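Residue numbers (the working numbering): 4 to 474.
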C-alpha cells in the first residue's frame with residue numbers, strides 16, 4: 004500500500020442533470036470522471052445561436068462556469084492570462100480521464116482537455132464517437148482517444164480501473180469500478196433496469212458485488228422530491244410498475260400509432276440511441292411503410308447497425324447542397340448508395356412513408372403542410388417542457404395538423420430501482436448525485452454523503468472524511 008493518501012473531490016454535477024466531474028488522486032496520479040456539460044436549456048449561455056470562438060474554447064467555457072477550473076488538464080495556450088490555473092504542461096500530475104458514455108452531459112467537454120492526457124472510452128463508445136465525428140457531431144476540441152474494454156482491468160498509477168457494462172440508452176455505456184490503496188469505489192455513470200437488455204443490468208450488479216464496493220457514487224436522475232405531506236423513505240424494488248414503459252414494449256406501441264394513421268407518420272428520436280433507431284426501422288417494415296431517415300442518421304444506421312432497409316429523406320437543405328455542389332463526401336457517398344425520398348414523393352403518397360424529422364430540421368415539415376398525420380416524439384430533442392423549444396415544437400405541430408404522441412422511455416433507472424441497486428450493492432458510503440433531489444436515495448447499509456462542491460474528502464479504510472486542504 005502506498006503511503007500517499009487518496010483524495011476525492013466533486014467539481015460539478017451534484018444537484019444538476021449531468022455535468023458530473025469528479026477527481027480521484029493519490030500522489031502524482033489522478034483520475035477524472037466524467038467530463039460533460041450540464042443540461043439546462045432554459046438557462047444555457049450557449050443556446051445554439053451563440054457562435055463558439057474556436058481560439059478561446061477553454062477560456063470561454065471556464066469563464067461561463069461550464070467546465071471546472073482544475074489545475075493541470077488544460078493546455079497553456081488555451082487557458083490565457085486571465086485565468087489563475089496551472090497548465091497541463093507545467094503540472095507534475097499524471098492525469099487520465101474516464102468517460103462512462105457518449106451523452107453530452109457526460110462527455111461534451113472531453114475534447115477541451117490537453118492532448119497528452121489520455122481520455123478513455125469503451126470500445127463501443129469509441130466506435131460510436133468515430134461515426135459521430137465523421138458526420139460533424141464530434142465535441143469541441145481536437146484530440147485522440149484511448150479505448151478500454153468491458154471487464155478488463157487497466158491501471159493508472161496505484162489505481163486499478165475495471166469498466167463494467169450497464170444498460171443505458173446508448174452503446175458503450177459503462178460504470179467504473181476503481182480499486183484504490185484505501186478502498187474500492189464504483190461510479191455508476193447512467194443506468195437502468197428496464198432497457199432492451201435487463202440481463203446486462205443484473206450481470207453488472209453481480210460483477211460489481213464480486214469486486215467489492217466501499218464507496219458507491221450513484222446517478223439519481225429520476226429522484227423526485229417528497230410529495231406534500233409525505234415523508235416515507237424510498238423503498239427499493241426491482242419489479243416494473245404497470246405504468247413503466249420498457250424498451251421492449253416500445254415497438255408495439257409505435258406500431259399501434261403508425262398502423263392507425265392513414266396519412267403521414269413522422270418520428271423524432273435521439274439517433275445515438277441505436278436500439279430506438281432499430282425499433283423505428285422495424286416498425287416501418289411491420290407497417291409496410293418506407294422509412295426515410297435524415298442523412299446523418301442514415302449514416303449511423305449503415306455503419307453501426309449494418310442496415311440499409313430504408314431511404315434517405317432529401318429535404319430542402321440536402322437538396323440545396325446537392326444543387327450547389329457543396330455536399331460533404333460522406334453524404335455524397337451515402338446518397339449514391341441508398342434510395343432517396345423527396346417531399347414531392349411524400350405529398351403524393353403520405354401513407355407509404357415513416358419519416359424521421361429532428362427538431363433542427365422541423366421547418367422541412369412545412370413542405371408537407373396540409374397532409375396531417377401523426378408525430379411520434381421518442382426521446383428526441385427537445386426532451387420536455389423544461390426546454391424553451393418544446394412549446395415551439397408543439398405550436399408548429401398544431402399548425403401542421405400533426406397529432407402529437409409521446410412514445411418513449413427513460414435511459415435512467417426509476418426511483419425504486421435506484422434504491423434497489425443501492426441496497427444490493429450495500430456500500431459503506433453512498434454518494435448520490437446527477438439529480439435535483441439526491442437526498443432521496445437512502446444509505447440503508449452505511450452512511451449517505453451529500454458532498455459539497457470543491458471540498459476535498461480523504462478516503463480512509465473505505466470511508467470518506469472531509470479535510471481542509473487547498474489545491
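All residues carry an ideal CB built from backbone N, CA and C; glycine is no exception. Because the structure is a prediction, the values reported are computed rather than measured.
Local Cβ density within 10 Å of residue i, reported as buried at 16 or more and exposed below that
i: residue 395; result: exposed
i: residue 470; result: exposed
i: residue 212; result: exposed
i: residue 31; result: exposed
i: residue 53; result: exposed
i: residue 402; result: exposed
i: residue 388; result: exposed
i: residue 37; result: buried
i: residue 359; result: buried
i: residue 228; result: exposed
i: residue 68; result: exposed
i: residue 276; result: buried
i: residue 103; result: buried
Residue span of the beta strand (DSSP E) that contains residue i, given as start and end
i: residue 445; result: No beta strand (DSSP E) contains residue 445, which DSSP labels as neither H nor E.
i: residue 435; result: 432–436
i: residue 462; result: 459–463
i: residue 25; result: 24–29
i: residue 180; result: 177–183
i: residue 285; result: Run containing residue 285: none in the beta strand (DSSP E); it sits in the alpha helix (DSSP H), 277–290.
Contacts around residue i, its chain only, beta-carbon distance under 8 Å, and the 5 residues preceding and following it disregarded
i: residue 474; result: Note on residue 474: pLDDT 45, under 50, position unreliable in the model; the coordinate value appears next. Correct list, in chain order: 12, 74, 459.
i: residue 2; result: In the structure as shown, the chain begins at 4 and stops at 474. Residue 2 is therefore absent and cannot be evaluated.
i: residue 392; result: 44, 362, 384, 385
Beta-carbon separation (whole angstroms), residue i vs residue j, contact threshold 8 Å
i: residue 349; j: residue 296; result: Actually they do not touch by this definition, with Cβ atoms about 13 Å apart.
i: residue 362; j: residue 407; result: That belief does not hold up - the Cβ atoms of residue 362 and residue 407 are roughly 13 Å apart, past 8 Å.
i: residue 117; j: residue 77; result: 6 Å
i: residue 421; j: residue 219; result: With a Cβ gap of about 11 Å, residue 421 and residue 219 do not count as contacting.
i: residue 417; j: residue 158; result: The Cβ separation is near 35 Å, so there is no contact.
Boundaries (first-last residue) of the alpha helix (DSSP H) holding residue i
i: residue 271; result: No alpha helix (DSSP H) contains residue 271, which is instead part of the beta strand (DSSP E) from 267–272.
i: residue 108; result: 107–110
i: residue 122; result: Where residue 122 is concerned, there is no enclosing alpha helix (DSSP H), although the beta strand (DSSP E) it sits in stretches over 122–125.
i: residue 117; result: Counting along the chain, residue 117 falls outside any alpha helix (DSSP H), and DSSP gives it neither H nor E.
i: residue 259; result: 253–262
i: residue 346; result: 346–351
Residues near residue i by beta carbon distance below 6 Å, same chain, minus five either side
i: residue 287; result: 294, 357
i: residue 19; result: 41
i: residue 156; result: 163, 165
i: residue 15; result: 22, 24, 71
i: residue 82; result: 88, 90
i: residue 461; result: 8, 10, 468, 470
i: residue 410; result: 256, 257, 379, 381
i: residue 198; result: 170, 250
i: residue 92; result: 79
i: residue 222; result: 191, 193, 437
Cβ-based neighbour list, residue i, same chain, cut-off 7 Å, excluding 5 preceding and 5 following
i: residue 453; result: 441, 442
i: residue 282; result: 253, 254, 257
i: residue 447; result: 426
i: residue 126; result: 150, 152
i: residue 4; result: With a pLDDT of only 48 at residue 4, under the threshold of 50, the placement of this residue in the model should not be trusted; the figure read from the coordinates follows. Answer for residue 4: 184, listed in chain order.
i: residue 96; result: 31, 33, 75
Can at least three beta-carbon pairs, one atom from the segment 266–281 and one from the segment 435–448, be found at a separation below 8 Å? With contact defined as three or more Cβ pairs closer than 8 Å, the segment 266–281 and the segment 435–448 are not in contact.
For the structure I just gave you, are there three or more beta carbon pairs, one from the segment 163–170 and one from the segment 391–408, closer than 8 Å? With a cut-off of 8 Å, the segment 391–408 and the segment 163–170 do not count as touching, because too few Cβ pairs lie within range.
Would the segment 193–208 count as touching the segment 134–145 if we require 3 or more Cβ pairs under 8 Å? The count of Cβ pairs closer than 8 Å, one atom from the segment 193–208 and one from the segment 134–145, stays below three, leaving the stretches out of contact.
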